[in-house]
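One structure is given here, and the rest of the page talks about it.
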Amino acid sequence: MHTSKLKRKLNDLGVNASSSKATENFCLIGTPLPPLEKRDAGEFVPLWKQEVRDEKGRRRLHGAFTGGFSAGYFNSVGSKEGWAPSTFVSSRSDRAKQKQARPEDFMDDEDLREIRESRKLVDENEEMDLVGGTQAELKRRAGAGEVEKDSIAFKLEEALLPPPKDSVGAKILKKMGWRPGQGVGPRLTWRQRKMQEIQFAGGDPSTLNEEDEAEEAKKHMYPPRDTPLVLPPRKEDTHGLGYVAGMKLGDIVSGQEDGGRQGPQISAGFGLGALNDAEDEDMDIYDTEMRSGRARTAYDILDADDEPTSRYPRPAEGVTASTAAESRQSFRDGTLVLPGFVIVDEPLIEDRWYPIPDVPKGWKPDPRRVWQKNKENREKEQQVQELPKPATHQQWKAGITPGQRGNLLGETPIKAAPRSVFEYMSQKDRERLQNISSNLSTPPEAPKVQSQEPPPPPSSTPRVEPWIAKAALQGFQPFTNDPVKQSRYTTFLKAQAEPDAPLPQLTPLPSQQPDVFRKELEDYAKAAVVFKPLSAAMAGRFTSAAVVEMGPQVNEGLHTPAFEPEKEEADEGKGKEEPEDESPKAHAARMGMYGLMTREVTAWMPARLLCKRFGVKEPIPEPVEGEAGPPPAAAGAGTNVNKWTPEAALAEASGFTPTGAEGSNAGASTTAAGYTSLNENQSQGTGGVKSLDHVGLGEDETQGADILTYERPSMDVFKAIFASDDEDSDDEEMKDEEDEKMDVDMSSPLAVKQEESTPGHLVEAASTTNYKPTVAGVKEDIDLATFKPTFVPRSESKKAKAKDKERKEKKKKTKTLVSFETEEDGGYDVPLPPRGKDKDKERAKKKRKDKKDDAGEDNDSMWVEKPAPEVVKALDTSSAYLVEDPADTATGGEVGPPRGRKRAVDFM
Amino acid sequence: MAPSRGPQPLARSLHTTLSNHRGPVHVARYAKGTAKYILTGGQDRTVRLWNPTIGTEIKVYASHGYEVLSISVAHDNSKFASSGGDRSVFLWDVTTGVTIKRFSGHMGRVNAVDFNADASVLASGSYDATVRLWDLRSQSHVPIQILEEAKDAVQTIHVGPTSIITGSVDGHVRTYDLRKGQLRADYIGQPVTAVVPTADYTTYLATTLDSTIRLMDAGTGKMLQSFKADGYEVKNYRCRAVFGSEEATVVAGDEGGRVWAWDLLDGQVLRPNPPPRVHEKVIGWTEHHPTDPGEMVTASADGTVKVWRHPGKS
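Protein chains in written order, with the UniProt record's numbering: chain Y, 1 to 908; chain B, 1 to 314.
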């Protein structure tokens with residue numbers, strides 16, 4: 001920038017920039033400005049002018065408009081020839097070349113240069129190569145099939161060039177003048193070198209003759225010979241170290257006796273092994289004084305063809321200087337030894353031969369005698385050895401027991417009764433035992449002492465306490481599978497059980513040895529103690545096993561199917577004591593009293609799948625009482641908690657349907673559509689299982705039905721209530737009259753009809769409920785089934801009254817007496833179309849469907865059918881009659897207001 | 001048969017002898033239905049199928065590694081089950097003669113097998129004192145249920161339509177009632193080797209090892225009748241006693257090779273008393289023809305199976 005500006009300025013000034021004057025350098029200190037004609041590399045160039053070029057001067061980065069980063073051939077992909085998609089090249093044929101991709105194959109020049117630079121320091125990252133045999137070198141050689149070098153070139157290169165790497169040591173040696181192939185060390189004269197050669201060859205350097213040496217050769221110093229590689233021979237035999245094949249014991253011994261003058265001085269050094277040619281030279285290899293100049297190594301190479309060494313020290317093969325000097329030995333008397341022979345220092349040891357003893361006449365070989373003798377000897381030895389013999393660990397640990405000590409001392413062992421016997425014996429038994437023992441003339445003696453006598457007296461047999469013997473007789477018989485033994489055992493026990501009785505004592509079998517017999521008796525005594533049953537108190541809690549030993553039973557003849565052989569034995573074994581401890585069940589079975597005693601009935605649950613497979617219903621283990629019977633009436637009534645009415649409860653309790661009741665005394669009851677529907681709801685509620693628990697829950701289908709279907713009771717209800725109220729309080733007489741009327745009504749055809757349609761019990765129930773004495777001051781013939789003291793609150797009733805008024809007007813009914821009007825309504829007004837609207841009808845139908853009982857039919861008949869006109873007729877008559885009674889109307893009509901309570905009359 | 005004339009006499013004339021078994025024959029069963037064939041199993045580890053009428057052997061089923069102790073034929077005669085010393089139950093296909101299934105699980109030799117009515121369950125009772133109920137419908141090799149109430153080897157099993165009756169060496173006859181879900185164990189007092197119920201399942205015949213056959217009331221467990229005889233000896237071997245024709249008699253072989261017959265009602269030994277010795281050795285299995293009143297088969301330890309018929313019959 002500066003230079004170009006400067007140039008331009010200079011040009012403007014008319015100065016030739018290329019002239020030498022212009023470029024003259026006057027700079028003494030610091031860096032001079034670059035010459036004008038040369039481009040200043042560090043010159044500032046605006047960013048848009050800057051260029052990136054590679055080392056070959058090619059532009060590497062272009063502007064965005066000129067192609068951006070250029071990576072190919074002049075901003076193109078591919079090469080000079082253009083881009084061609086690479087075709088598939090099979091590597092199959094090239095496989096033989098074994099080309100291995102190296103990192104270098106993928107490197108460009110820069111990388112290669114870097115690598116080359118990094119390779120300059122060999123020791124940094126390459127291992128040293130002593131013999132050129134390291135892995136890297138071998139690899140290099142193996143990978144000789146480098147493409148760029150053919151094999152000949154490589155061979156040439158290998159031959160011409162020295163091995164590329166040397167170890168540091170080799171390098172140092174080389175710098176010190178060593179060459180490969182030479183030995184290490186100072187230079188030698190010709191003679192020295194010759195001697196060395198002989199040495200290496202295994203010869204004696206002293207044999208060197210120097211006559212034929214060239215004069216010239218002696219003038220120079222020579223590098224020493226390379227030290228031959230020591231090759232320790234392989235040890236292929238199985239001899240131990242130091243063993244010399246063929247060497248006899250005598251040699252070694254004689255050598256030792258000679259004190260080192262002859263033979264190897266084995267004692268002088270260690271490490272003398274089989275590899276040492278010990279008798280080669282009679283010298284100690286580790287001795288410091290060397291008789292020959294030859295350097296000996298510990299591991300001389302064994303001659304492969306070394307013949308087996310002779311019994312006597314053989315003469316040295318190579319004649320040493322010393323032996324050469326005194327070439328001949330002389331005997332003691334002075335005569336010379338023949339050449340090639342050596343005087344033996346030690347006299348020959350002859351084997352001694354003893355004469356065969358003379359066999360006496362008539363002698364016969366009897367080895368048994370000898371064996372016997374030997375055995376006695378051995379026994380004696382054992383006896384001798386036994387006492388001082390160290391006790392085993394266990395013996396030592398346990399200490400010597402008194403019994404053992406007694407045995408050692410030859411004491412007679414004391415037969416101690418088992419401790420448990422005395423513990424379990426009663427006082428009486430003990431006394432008896434003492435008596436018996438005092439009665440006995442001869443105290444029990446040790447069987448060991450008695451054993452020598454052939455017929456052992458009965459007293460010498462091992463004794464068993466009589467009570468034990470008795471018990472054992474009853475108890476388990478251990479030798480059941482050996483009848484002979486068992487019988488002997490029983491005899492023994494019997495004899496022992498009653499020692500005083502003249503019972504046959506057990507005698508040894510004819511062929512029985514006394515000690516065997518004694519052993520047998522001891523066994524019996526032991527068995528008796530072991531197998532005696534427990535005391536009576538304990539015995540009841542245990543049962544003895546039937547058979548313990550199941551010895552192999554040999555059946556004669558052909559094998560026959562054996563199903564219960566063991567059972568038979570068990571029967572035999574148990575036969576005796578079974579009756580005593582059998583269960584009542586078994587007893588019953590034995591007596592043949594099968595039935596309840598022998599039968600056990602237990603619950604057993606078959607698997608579900610089993611029942612399925614058998615096609616049997618799975619049994620119910622415990623039959624649970626079903627929820628039979630109707631739910632309690634209170635619960636049923638409780639379904640309509642908010643609408644609970646005593647008459648509903650009563651009706652339900654008596655199995656009486658309210659509608660039936662209404663139908664029955666239609667003349668008297670105030671029947672309203674809303675009310676009936678309500679009652680029907682109730683009856684529905686009682687029909688299905690409905691309890692308080694369900695109320696208000698989601699699954700309660702009837703929930704809210706009563707509210708939804710609730711229709712405000714008709715005017716008649718209110719009228720009935722209030723009118724009757726008035727009448728009750730106002731006029732007793734009139735009430736009486738009305739009562740009579742009602743009686744008449746009841747005997748009217750409707751009542752008859754009721755009898756036909758409703759079942760008897762309903763009628764009775766209805767009657768009972770109907771003619772209860774009025775409690776709440778209700779004088780009218782309003783029965784409890786329809787009367788609801790809590791049904792309409794006062795405030796509500798007032799409103800209702802107001803509405804009723806309007807309805808009344810619609811009805812266009814002529815005013816009649818209150819009470820009779822209600823009856824009119826109750827009797828026929830409900831089912832009539834104007835009052836019971838379509839809705840009502842539908843509801844009624846529904847209800848009809850729902851209700852299946854007689855009361856339902858009764859209801860139907862009451863609702864839609866004929867009785868209504870009859871009733872109407874009846875009512876008409878009565879009403880007519882009543883209408884004609886002015887007094888009644890007067891009283892009924894005008895007494896109300898002063899009480900401050902509206903009467904039904906007021907609404908008309 | 002008129003009741004005044006008493007029960008029909010036992011078929012006592014030898015019709016044919018089936019003697020291909022080597023060694024004792026432990027079991028001989030009639031086929032189901034018209035029962036024209038006999039299956040026998042013995043110590044020689046084979047099950048053999050015979051035509052008793054002409055006395056020829058039809059087939060040999062040899063897969064068992066040990067003796068065959070029990071055979072049960074399925075209701076449709078297409079399969080049969082056998083068991084024995086090799087502690088497993090083999091289910092065979094009759095026609096192909098190969099085992100369809102082998103149920104193993106018992107710890108000891110399997111003394112008895114029996115199908116249920118439609119051959120969907122196979123019950124096996126073993127020396128290991130268990131009864132295993134195998135499901136034949138599924139491929140499962142695990143028993144549906146194991147009845148472990150017996151205290152000793154289970155010797156015999158009868159599977160009824162709604163109950164399983166087992167007899168055990170512990171002296172009990174156990175009736176597993178599936179409908180009631182209860183187990184009735186009747187203690188006989190002696191090892192029970194065979195239990196044969198009547199067709200109506202109100203009584204059953206229990207053979208025990210005290211030379212006595214008892215007719216027990218299945219409902220109450222009471223003994224209705226006991227059958228003994230002077231020469232009748234059964235103390236060691238399973239000698240199965242069965243009902244004769246129309247369940248009017250009780251037929252049993254004994255260890256001496258005799259075939260005894262009793263009147264069911266009065267318990268008296270029927271005519272040839274003592275009966276002739278017809279087998280060399282113990283008669284382990286007696287089976288009366290299910291439909292033909294005049295045919296009977298006995299299997300003995302002497303290696304023969306004898307078919308008995310009335311002399312009049314061919």
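Virtual Cβ for every residue (Gly too), placed ideally from N, Cα, C.
Q.
Does the segment 582 to 590 of chain Y come into contact with the segment 201 to 219 of chain B, if we say contact requires no fewer than three beta-carbon pairs (one atom in each stretch) closer than 8 Å?
A. No, the segment 582 to 590 of chain Y is not in contact with the segment 201 to 219 of chain B.
Q) Are the beta-carbon atoms belonging to Y:Arg-608 and B:Val-121 less than 8 Å from one another? A) No; because the gap between Cβ atoms is not below 8 Å, this pair is not in contact.
Q) Using a Cβ-Cβ cut-off of 6 Å (strictly less than) and excluding sequence neighbours within five positions of B:Val-196, which residues of its own chain qualify? A) So the list reads Leu-205 and Val-242, once near-sequence residues are dropped.
**Q.** Distance between Y:Asn-16 and Y:Leu-10 (C-alpha atoms, nearest Å)
**A.** Rounded to whole angstroms, Y:Leu-10 to Y:Asn-16 spans 7 Å at the Cα level.
Q.
Just to make sure I have the definition right: I need the residues of chain Y whose C-beta is within less than 8 Å of the C-beta of B:Arg-179. Which are they?
A. Per Cβ cutoff of 8 Å: Val-616, Lys-617 and Pro-619.
**Q.** chain B within 8 Å of Y:Glu-578, Cβ atoms only
**A.** Reliability of the predicted coordinates at Y:Glu-578 is poor, the pLDDT of 42 falling under 50, and the value obtained from them is presented with this limitation in mind. Not an interface residue.
**Q.** Interfacial residues, the segment 192 to 204 of chain B to chain Y, with Cβ spacing under 8 Å
**A.** Thr-193: these are the residues of the segment 192 to 204 of chain B whose beta carbon lies less than 8 Å from some beta carbon of chain Y, given in chain order.
Q. So the alpha helix (DSSP H) B:Arg-240 belongs to, where does it begin and stop?
A. Counting along the chain, B:Arg-240 falls outside any alpha helix (DSSP H), and DSSP gives it neither H nor E.
Q: Could you check what DSSP says for B:Gln-155 in three-state terms: helix, strand or coil?
A: Here B:Gln-155 carries a strand assignment [DSSP, helix/strand/coil].
Q. At a CB-CB cut-off below 8 Å, which residues of chain B make contact with Y:Leu-610?
A. The answer, in chain order, is Val-121, Leu-133, Ile-144, Gln-145 and Leu-178.
(Q) Going by the DSSP bridge assignment, what does B:Trp-134 pair with across the sheet? (A) Partner(s): B:Leu-122.
Q.
Let's test the definition: count the other Cβ atoms within 10 Å of the Cβ of Y:Glu-346 and tell me whether it reaches 16, buried, or not, exposed.
A. Result: exposed.
Q) Tell me, which residues are paired with B:Ala-194 by DSSP? A) Beta-bridge pairing links B:Ala-194 to B:Thr-207.
Q. At a CB-CB cut-off below 7 Å, which residues of chain B make contact with Y:Tyr-424?
A. What Y:Tyr-424 touches in chain B: nothing, since even the nearest Cβ is about 32 Å away.
Q. Should Y:Phe-106 be labelled buried (16 or more other beta-carbon atoms within 10 Å of its own) or exposed?
A. By the beta-carbon neighbour count (other beta carbons within 10 angstroms, threshold 16), Y:Phe-106 is exposed.
Q: Report the residues of the segment 40 to 66 of chain B with a CB closer than 8 Å to any CB of chain Y, ordered along the chain.
A: Listed in sequence order: Gln-43.
Q) According to DSSP, what are the bridge partners of B:Leu-183? A) Y:Thr-602 and B:Tyr-176, per the DSSP bridge assignment.
Q) Cβ atoms of B:Val-110 and B:Gly-84: under 8 Å apart, would you say? A) Yes; because the gap between Cβ atoms is below 8 Å, this pair is in contact.
Q. Along the segment 204 to 222 of chain B, what residues have a CB closer than 7 Å to any CB found in chain Y?
A. Flagged, chain order: Leu-209, Met-216, Thr-220, Gly-221 and Lys-222.
Q. Would the beta-carbon of B:Leu-178 fall within 8 Å of that of B:Ser-163?
A. Cβ atoms of B:Leu-178 and B:Ser-163: closer than 8 Å.
Q | For B:Arg-277, the nearest candidate out of B:Pro-293, B:Tyr-201, B:Glu-233 and B:Pro-290 (CA to CA) | A | Nearest Cα to B:Arg-277 within the set B:Pro-293, B:Tyr-201, B:Glu-233 and B:Pro-290: B:Glu-233.
Q: Please go through the same chain and pick out, in chain order, the residues whose beta-carbon is closer than 7 Å to the beta-carbon of Y:Ala-469, but skip the five residues on each side of it.
A: So the qualifying residues of the chain are Leu-493, Gln-496, Ala-497 and Ala-528.
(Q) Buried or exposed, going by whether 16 or more other CB atoms sit within 10 Å of the CB of B:Val-269? (A) Taking a 10 Å sphere around the C-beta of B:Val-269, we find 16 or more other C-beta atoms and assign the residue as buried.
Q. Quick one: what's got a C-beta closer than 6 Å to B:Ala-185's C-beta in the same chain, skipping five residues either side?
A. So the list reads His-172 and Arg-174, once near-sequence residues are dropped.
Q: Would you give the residue range spanned by the beta strand (DSSP E) that B:Arg-214 belongs to?
A: Its beta strand (DSSP E) spans residues 212 to 217.
Q: Specify whether the segment 283 to 297 of chain B and the segment 261 to 275 of chain B touch according to this definition: at least 3 beta carbon pairs, one from each stretch, less than 8 Å apart.
A: No: fewer than three Cβ pairs fall under 8 Å.
Q: Take Y:Glu-215 as the anchor and find which of Y:Gln-199, Y:Pro-233 and Y:Thr-189 has the nearest alpha-carbon.
A: When only C-alpha atoms are compared, the closest one is Y:Thr-189.
Q.
DSSP three-state label for Y:Val-529, please.
A. Helix at Y:Val-529.
**Q.** Y:Phe-476 - DSSP class collapsed to helix/strand/coil
**A.** In this structure, Y:Phe-476 counts as coil in the three-state DSSP scheme.
**Q.** Under 8 Å from the C-beta of Y:Trp-371: neighbouring residues of chain B
**A.** Correct list: empty, because the minimum Cβ distance to chain B is about 53 Å.
Q | chain Y contact residues for B:Ala-185, given Cβ-Cβ distances below 9 Å | A | By Cβ distance, chain Y contributes Thr-598, Arg-599, Glu-600, Val-601 and Thr-602.
Q: Taking only beta-carbon positions, decide if Y:Ala-607 is within less than 8 Å of chain B.
A: Contacts with chain B at 8 Å (Cβ-Cβ) include Y:Ala-607.
Q. What are the start and end residues of the alpha helix (DSSP H) that includes Y:Asn-407?
A. Where Y:Asn-407 is concerned, the enclosing alpha helix (DSSP H) starts and stops at 402 to 409.
Q: Could you tell me whether any Cβ in chain Y is nearer than 8 Å to the Cβ of B:Gln-182?
A: Yes, B:Gln-182 counts as interfacial toward chain Y.
Q: Could you tell me the boundaries of the alpha helix (DSSP H) in which Y:His-587 lies?
A: Unbroken alpha helix (DSSP H) run through Y:His-587: 584 to 591.
Q: With a threshold of 16 other CB atoms inside 10 Å of the CB of B:Met-223, please say whether the residue is buried or exposed.
A: Looking at its Cβ environment, which holds 16 or more other Cβ atoms inside 10 Å, B:Met-223 is buried.
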